[in-house]
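Colleague: Attaching a single structure in structure tokens format; questions to follow.
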Amino acid sequence: MPRSVVDFDIRGGRSKEANLPDQNAQRLEQAAHALTTKSGWGEDPPSNVSISFNNGTRTFTITPSGSTFEYWIQGVKYTKSSAETVIITDTEGLWYIFYSKNTLTASQSIWDNGDGSIAFVATVHWDATNNVAITVGWELHPYDMGVDTHKYLHESLGTQYERGLGLVEGTGGDDGKVAIDGGRIHDESIVIVIIDGGGSGLWEQELGNTSSFAAAQIPVYYRSGATAWRKYSAGDYPFYDNSGGDNVHYNSYSAPNWASSAASSSAKYIAMWIYGFHDISEPVIAIMGQIESNTLNAAKNANTLETIDFGTLPFSEMKILYRVIFKSNGTWAHTEDMRSVNNVPGGTYVPLTHPISDDVFDSTWDGVTTIAPSKNSVYDMVKDEDDMVSDSAVHGATQQSIKAYDDAYRVLQHNREITPFGVSPQDAANGRGGGNCFFWDILIEGIVGFGETSKTGGKQCLVNFKVPSDYVDGTDITLQISWGCENTANPNVTDYNIIAYYARDGAAKVQTNNFNATWSGPDNSFHNNETLTITGTNILSGDIIVLDIKMEDDNNAVKTFMSECTLLIPVNTRT
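Numbering (this note's numbering), first residue to last: 65 to 639.
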């Protein structure tokens, strides 16, 4: 009869008898279960093994670094004392390399990350057209993480960021290049230690120098055809432009095929996605953006993680690091640090038959319906009251009347004019039904007001706008102006005068230059696309440009004879 011991409950005192042999049996059973489910490799990363792939023979090789290497499958230890190989067929796509008991195996059937009957080794993404493996991914997971935990982390969190991998943009002659520090990411139980070097060691890549700048060598991945992935070899730039012969490429889609296409002009914006990856020789990669945009803000809004269609690329083995937006002429525009951002599921985005851009929307946006145009095209509206700018108190009432439509920056095309939407509130308030002076200025940074002021015996109209944040300081700003005056009071209008100023941080306005033109046309004359170039000297992004417009008669005096004057400014100040 087994010996019994007395146990106590938490309230103290004898309460029950515990059978010691039964407890030991339970512990032994748990230990035995752990042993029989033990699958994987002995350490991370195994120091006694290396992997490689030969494109010419399509042969994957695993080699002991010393005399042997070991792995476990369901508690059984397997020892190998020499290199072993497996050959894949010339079939496009992702291959899974693993040990099934004693046999090194290659298959295109997706493995189950919770399958303890195999020991994961690697993945190989084969390009059957160019006969090259575009990735060789390390998958030697240590056995100290259970298969159930591995499966859960793979499917819920994916690869995670730990530290390092800072990015620096090149400047001057290195514009468009980047350098990246070494760092660490985690593919579940695998710690991927990314280091700068010549590429001979595991996860060793030429990452450049972030102190005394030198460019990282980063390959560019893109989709091709209906399902395939392709890779441009690593170079000085994290994008592809045919060695400078093309505009920067984006990954275009025309159902059912993908392609690497040069941007349609040098003024487009293309996003590139920088990822950390488990590839054994190039663990930092760039994925080509799948959208071209007309403006920087459009590129920011249209290029999100949710919009990337990864297809067959092993998304869960990758960690987003940065979104870098370039102008399609190859110059840097914007970098967003995404190292702390959780990966999101890919492959759910179905692109349209044309490049997506948030320059193109329906006639409503966020519940705001656009107003039908009177003469020209309509601009879609979004809300952001912070971007409204006023040059004087005169614009206050105007701004209050258009807060529902402020920050109107979504344009149909760069060269479309701004639509006049109605009579200025000042004119309406003052009962000047026949004396309209209204100006719309709608730029990427927002609606900034329209209006007019009265002078003794005359009229003057002011319009201002904020210089966009991605404006290149000091460059000229070209505006296309369409205008017309309906003369009902005095037939002797001879010219109009537009004076441009700029202001910064509440400082006094500074005149930049004059734009004068003679006009002696008939009543109701309308002029299209007059050009005004504002000299950019001393102008910075964020400045307020003020246009002071007045009509003059042949005596050069400001009069009230003007019944209407419309200034239309297209969004073409982007560089």
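Every residue gets a Cβ at the ideal spot worked out from N, C-alpha and C, and that includes glycine.
Could you check how far apart the C-beta atoms of residue 229 and residue 247 are, in whole angstroms? I think they sit under 8 Å.
Modeller: Their Cβ separation, rounded to whole angstroms, is 3 Å, which keeps residue 229 and residue 247 in contact under 8 Å.
Colleague: I'd like to confirm the pairing. Which residues does DSSP put opposite residue 272 in its beta bridges?
Modeller: DSSP output for residue 272 lists no bridge partner at all.
Colleague: What's the C-alpha gap between residue 125 and residue 149?
Modeller: Straight-line Cα distance between these residues: approximately 4 Å.
Colleague: Under DSSP, the alpha helix (DSSP H) around residue 360 begins and ends at which residues?
Modeller: Note, residue 360: alpha helix (DSSP H), 360-366.
Colleague: For residue 381, does the three-state DSSP call read helix, strand or coil?
Modeller: Three-state DSSP puts residue 381 in a helix.
Colleague: For residue 387, I'd like the list of residues in its chain whose CB is within less than 7 Å of its CB, leaving aside the five on either flank, ordered along the chain.
Modeller: Around residue 387: 335, 337, 367, 400, 402.
Colleague: Name the two residues that bound the continuous beta strand (DSSP E) containing residue 129.
Modeller: It is not in any beta strand (DSSP E) - residue 129 carries neither H nor E in the DSSP assignment.
Colleague: Less than 8 Å between the beta carbons of residue 225 and residue 380, yes or no?
Modeller: Their beta carbons are not under 8 Å apart, which means residue 225 does not touch residue 380 by this criterion.
Colleague: Between the beta-carbon of residue 302 and the beta-carbon of residue 242, is there less than 8 Å?
Modeller: For residue 302 and residue 242, yes; Cβs fall inside 8 Å.
Colleague: Taking C-beta to C-beta, are residue 187 and residue 159 nearer than 8 Å?
Modeller: Going by C-beta atoms, residue 187 is nearer than 8 Å to residue 159.
Colleague: What are the boundary residues of the beta strand (DSSP E) that residue 191 is part of?
Modeller: Run containing residue 191: 183-191, per the beta strand (DSSP E) assignment.
Colleague: Distance, Cα to Cα, residue 170 vs residue 238?
Modeller: Distance between the alpha carbons of residue 170 and residue 238: 43 Å.
Colleague: Check whether the segment 388-395 touches the segment 201-210, counting contact only when three or more Cβ pairs, one atom from each stretch, lie closer than 8 Å.
Modeller: Because the criterion of three Cβ pairs below 8 Å is not met, the segment 388-395 and the segment 201-210 do not touch.
Colleague: Please name the residue in 309, 326, 256 whose C-alpha comes closest to that of residue 316.
Modeller: Here the closest residue by C-alpha is 326.
Colleague: Can you grab the Cα-Cα spacing for the pair residue 385 / residue 376, in whole Å?
Modeller: The alpha-carbon atoms of residue 385 and residue 376 are separated by roughly 20 Å.
Colleague: Can you pull the DSSP bridge partners for residue 104?
Modeller: Partner(s): 136.
Colleague: Write down the C-beta distance between residue 350 and residue 285 rounded to the nearest angstrom, noting that I regard them as a contact closer than 8 Å.
Modeller: Rounded, the Cβ-Cβ distance is 7 Å, consistent with contact.
Colleague: Is the separation between the beta-carbon of residue 353 and that of residue 322 shorter than 8 Å?
Modeller: No. Outside cutoff.
Colleague: Alpha carbon to alpha carbon, how far is residue 382 from residue 406? Give it in angstroms, no decimals.
Modeller: Between residue 406 and residue 382, the C-alpha separation is close to 11 Å.
Colleague: Alpha carbon to alpha carbon, how far is residue 165 from residue 185?
Modeller: Roughly 13 Å between the two C-alpha positions.
Colleague: Can you grab the Cα-Cα spacing for the pair residue 357 / residue 273, in whole Å?
Modeller: When rounded, the distance between both Cα atoms is 31 Å.
Colleague: Can you give me the Cβ contacts of residue 163 inside the same chain, cut-off strictly under 8 Å, excluding the 5 residues immediately before and after it?
Modeller: Hits under 8 Å: 135, 137, 142, 169, 182, 183, 185.
Colleague: Would residue 398 and residue 293 qualify as a contact pair, given that the criterion is a beta-carbon distance under 8 Å?
Modeller: Not in contact: residue 398 and residue 293 (Cβ atoms no closer than 8 Å).
Colleague: If I'm right that residue 263 touches residue 345 with Cβ under 8 Å, what's the distance once you round it to whole angstroms?
Modeller: That pair is a contact at about 5 Å.
Colleague: Skipping 5 residues on each side, what residues in its chain have a beta carbon closer than 7 Å to that of residue 360?
Modeller: The answer, listed in chain order, is 333, 389, 397, 398, 534.
Colleague: Report yes if the CB atom of residue 324 is closer than 8 Å to the CB atom of residue 339, and no otherwise.
Modeller: Taking 8 Å as the Cβ cut-off, residue 324 and residue 339 do not qualify as a contacting pair.
Colleague: Is it buried or exposed, residue 212, if we count other Cβ atoms within 10 angstroms and call 16 or more buried?
Modeller: Exposed, by the Cβ-count rule.
Colleague: Take residue 114 and list the residues in its own chain whose beta-carbon comes closer than 7 Å to its own, dropping the five residues that flank it on each side.
Modeller: Taken in chain order, the residues that qualify are 127, 129.
Colleague: Which residues share a DSSP beta bridge with residue 315?
Modeller: For residue 315, which the question treats as bridged, DSSP gives the partners 324.
Colleague: Quick one: is residue 140 buried, meaning 16 or more other Cβ sit within 10 Å of its Cβ, or exposed?
Modeller: So residue 140 ends up on the exposed side.
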